[in-house]
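Worksheet: the structure to be examined is printed underneath.
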Amino acid sequence: MSIRKGDLVMVIAGDDQDKKPHKVLRMIPSKGKLVVEGVNRTYKHVRPGKNSQGGRLSIELPVDCSNVLLFCGTCKKGVRTKISYTPEGVKLLVCKSCLKAGRAGVLRVVAKADPKYATK
Ligand SMILES: [Zn+2]
Numbered sequence: 635m636s637i638r639k640g641d642l643v644m645v646i647a648g649d650d651q652d653k654k655p656h657k658v659l660r661m662i663p664s665k666g667k668l669v670v671e672g673v674n675r676t677y678k679h680v681r682p683g684k685n686s687q688g689g690r691l692s693i694e695l696p697v698d699c700s701n702v703l704l705f706c707g708t709c710k711k712g713v714r715t716k717i718s719y720t721p722e723g724v725k726l727l728v729c730k731s732c733l734k735a736g737r738a739g740v741l742r743v744v745a746k747a748d749p750k751y752a753t754k
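In this text, residue positions in the sequence shown follow my numbering: the first is 635, and each later residue adds one.
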């Protein structure tokens, strides 16, 4: 998964699709799922106890990572991504949509320069 906690994603499937990007609150890589702010909300009924006064708590349930796309600030939409390397061997996460439009489209530096991937 190329998405990380704190990233913005677009929801592309299910009841909570809209045109706005949402923040990723938590990743669950072992299940291929993530929790997105304001998406897949439900109510959890909590009994009054030591730590809470109980009642209906609004919480987000995890959604499958295939239902979201990483948001590209340049394209202003959810995009497919790919991994590429600079000539120096720096690992980058790149927006495919930006590439198509002739832009660099670097979304994030994934790893520092590694001579193994250097092409010069
Ligand atoms: Zn883009």
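Ideal placement from N, C-alpha and C gives every residue a C-beta, glycine not left out.
Within 10 angstroms of the Cβ of ILE662, are there 16 or more other Cβ atoms? Answer buried if so, exposed if not.
-> exposed
Which residue from ALA735, TYR719, LEU741, GLY739 puts its Cα closest to that of LYS750?
-> TYR719
What does LEU611 pair with, by DSSP beta-bridge criteria?
-> With the chain covering only 635 through 754, there is no way to say anything about residue 611.
Closest Cα partner of CYS706 within the set LYS754, GLN687, LYS653 | LYS653
What residues come near ligand 1, if near means a beta carbon less than 6 Å from any of its heavy atoms?
-> CYS706, THR708, CYS709, VAL713, CYS729, SER731, CYS732, GLY739
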